[in-house]
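Below: one structure, written as structure tokens.
Numbering (my numbering), first residue to last: 6 to 775.
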């Protein structure tokens, strides 16, 4: 047997006991931790050795890692831990884990230097006061050797099991046949390109039309590459819940085969959706599933490891059978799964679990990014931060006395900024230093209070605290990829309030390094044009391969018509209502069936739907509403059946504009009454200016490319199989412009509207775009 594990991972497996306890929080950020370690090292002597690489083995198990520091003069090896708050409140099982890590490193150092004895130090560094607390003990090498062998022995059974699992997985994956009778047109090209990308260690950007089976066409070749590329994991990342379901369905198709490899496929979901006791805190004195969590975890982990599909339901069942928290069991199983299906944030967020595990354990991973066009906006959201003054006002009123002074300082600095701004909105070159200092000091005070009173914060103050932490973190990273702005509200009131935003404009600086960190990252979507737009905003590596997969569909399957006699610009909106209603009704009469009608806003949607209902009450219609819950969204989709007829009204770019599958008679057409352009407002105009400065194409990067991408996604709902026939009506004269048509799918055959257009509003080709 040959198995390798990091020191930290070994100790987390063998030395964690007792309760799950998140009260000794929050831990410092990764950046604060790095700075803290550097500060400690800078205080040591000239001969001090930092980041000492160590390795040892026991019965075929290789243990490796980097000790934080070694002081030769004192023969002292240090394990440095950064923290904030009251160290005396640290749970005993946390301290026990830290000593276990120090002892393992101590033995490896004794082996490396042939030492008979060594001093070990736990160095706790307070990032706020910069004070060190050192706990030093002397150990004999023999004693440390026994400790090392004991913990290796505890892990060996699992290691042997994992070795057998991995060997069986790799061998079967190499022999795995494609799970369908044959590839769909274009699907083989996609699969071969994915395999070549992972084989050469490159990033792949694949534009592939809806309906070719992108999910299984990308997952299958990476499973085939597990053995030859020695991959540890495959991460399948999605933007929305439907994408996660498609990935799990594809995995089930593979797992159902007789020659299926013994894979473990894990679904990761958000903590709030997995929590069994949302009214309780995450520690043993509050939650029964946290009490004794690490004592019951080995049995739960073993049971979970024996299942192939660990979706939300299966994982919950295992967790409750063993009385452990489902969410934290899923985090544990992320270490042992072969394929992990999760949201983007699990790999791309600042504190992303999967990316952190991959880095800490030096995993070789392949990453699939589904519907990758969404990563631009999602990235911006992940790396941005905002604070609302009304929230600050609210928490100040109910805050404990100890926090009133730091909160008041924040309010004072905020008002100073707010009062010197004359207009409702203004963008600034950089965030205000004094306010950031006040926020940083305030967050430290709240953190200290939280440590001293773990159950003493109300939910509003706690939420504000996390918002402040994010704001301070983003503030430290502010550069030309960001905007800082202040938006005032209720200008007619005597005291108006404002919102502060640190807006990430270009997420490439954060996404790019994570794309490069994987053995291969595959970005795939039906809409990744133009390539330079996504390359610039996502930071794809210079040697990224780009492919445009041929469509399995033919132009005569989809009748695309541009209705250029109607303008959907805001100034013409009222005049467009009647003509759009007549257009929908005429098409419905010609070919009854199920249609989707997309609009730029809920207000526009409601006006057209209301007028259609008044004029043509026989046409069945249903509408998307603001803030629909998941069950309501499913009800909306369930109206589209093979036997039904009617029109579903939806907002372009919303829940029904992508990621839904309505094949055959369930959907035969779409009306898209908008170019999808972002709203013209001060924020977007600032984005346009910044895009122009960075890339020289401000309007295109801010409005045109994202808008047309939404249009193409929505149109892609109509043709889902090679037997489908449908119609798409692009309602606006701007669709006829050459630079818009250039962005539409090449396989479309676009014709002018063939419907009777009498009485429809007409607009000149020279009208302004906005």
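C-beta atoms are modelled at their ideal positions from N, C-alpha and C, and glycine is treated no differently. These numbers were taken from a predicted model, which means no experiment stands behind them.
Going by the beta-carbon positions, is the gap between residue i and residue j smaller than 8 Å?
i, j, result
"residue 371", "residue 415", "no"
"residue 74", "residue 49", "yes"
"residue 389", "residue 565", "no"
"residue 531", "residue 214", "yes"
"residue 204", "residue 177", "no"
"residue 68", "residue 12", "yes"
"residue 299", "residue 15", "no"
"residue 324", "residue 334", "yes"
"residue 721", "residue 673", "no"
"residue 677", "residue 734", "yes"
"residue 719", "residue 641", "no"
"residue 408", "residue 505", "no"
"residue 373", "residue 573", "no"
"residue 581", "residue 206", "no"
"residue 174", "residue 320", "no"
"residue 380", "residue 149", "no"
"residue 4", "residue 422", "For residue 4 there is no data in the structure shown, the boundaries of the chain being 6 and 775."
"residue 724", "residue 558", "yes"
"residue 682", "residue 712", "yes"
"residue 63", "residue 152", "no"
"residue 705", "residue 212", "no"
"residue 691", "residue 533", "no"
Within the same chain, show all residues whose beta-carbon is closer than 6 Å to that of residue i, passing over the 5 residues directly before and after it, in chain order.
i, result
"residue 258", "184"
"residue 479", "390 and 507"
"residue 292", "282 and 285"
"residue 243", "249 and 375"
Tell me whether residue i is buried or exposed, calling it buried when 16 or more other Cβ atoms sit within 10 Å of its Cβ.
i, result
"residue 588", "buried"
"residue 162", "exposed"
"residue 433", "exposed"
"residue 81", "buried"
"residue 367", "exposed"
"residue 138", "exposed"
"residue 103", "buried"
"residue 575", "exposed"
"residue 306", "buried"
"residue 344", "buried"
"residue 141", "exposed"
"residue 600", "buried"
"residue 518", "exposed"
"residue 33", "buried"
"residue 520", "buried"
"residue 182", "exposed"
"residue 19", "buried"
"residue 540", "buried"
"residue 158", "exposed"
Out of the options, point me to the one whose CA is closest to residue i's CA.
i, options, result
"residue 247", "690, 180 and 639", "639"
"residue 420", "646, 612, 575 and 493", "493"
"residue 685", "631, 217, 436 and 605", "605"
"residue 631", "170, 723, 392 and 656", "656"
"residue 225", "255, 217, 516 and 288", "255"
"residue 304", "316, 572, 141 and 327", "327"
"residue 36", "171, 578, 477 and 302", "477"
"residue 107", "515, 146 and 93", "146"
"residue 295", "329, 316, 202 and 264", "329"
"residue 289", "96, 158, 503 and 171", "96"
"residue 133", "445, 159, 715 and 105", "445"
"residue 441", "700, 426 and 481", "481"
"residue 382", "455, 513 and 8", "513"
Between residue i and the rest of its own chain, which residues show a CB-CB distance below 8 Å, the 5 nearest in sequence each way excluded?
i, result
"residue 276", "332"
"residue 400", "412, 465, 466 and 469"
"residue 626", "614, 617, 618, 651, 652, 653 and 654"
"residue 235", "369"
So, does the CB of residue i fall closer than 8 Å to a CB anywhere in chain B?
i, result
"residue 457", "The structure shown has no chain B; it contains just one protein chain."
Skipping 5 residues on each side, what residues in its chain have a beta carbon closer than 7 Å to that of residue i?
i, result
"residue 336", "358"
"residue 687", "430"
"residue 131", "88 and 89"
"residue 439", "418"
"residue 799", "Limits of the chain in this structure are 6 at one end and 775 at the other, which puts residue 799 out of reach."
Within the segment 220 to 278, note down every full alpha helix (DSSP H) run reaching 4 residues or more, in order along the chain. 246 to 260
With a floor of 3 residues, list each beta strand (DSSP E) that falls wholly inside the segment 138 to 217, ordered by position along the chain. 209 to 212
List, from N- to C-terminal side, the beta strand (DSSP E) runs of 3 residues or more that fit wholly inside the segment 22 to 84. 54 to 63 and 66 to 76
Give, in chain order, every unbroken run of the alpha helix (DSSP H) that is at least 4 residues long and sits entirely within the segment 693 to 751. 710 to 720 and 743 to 746
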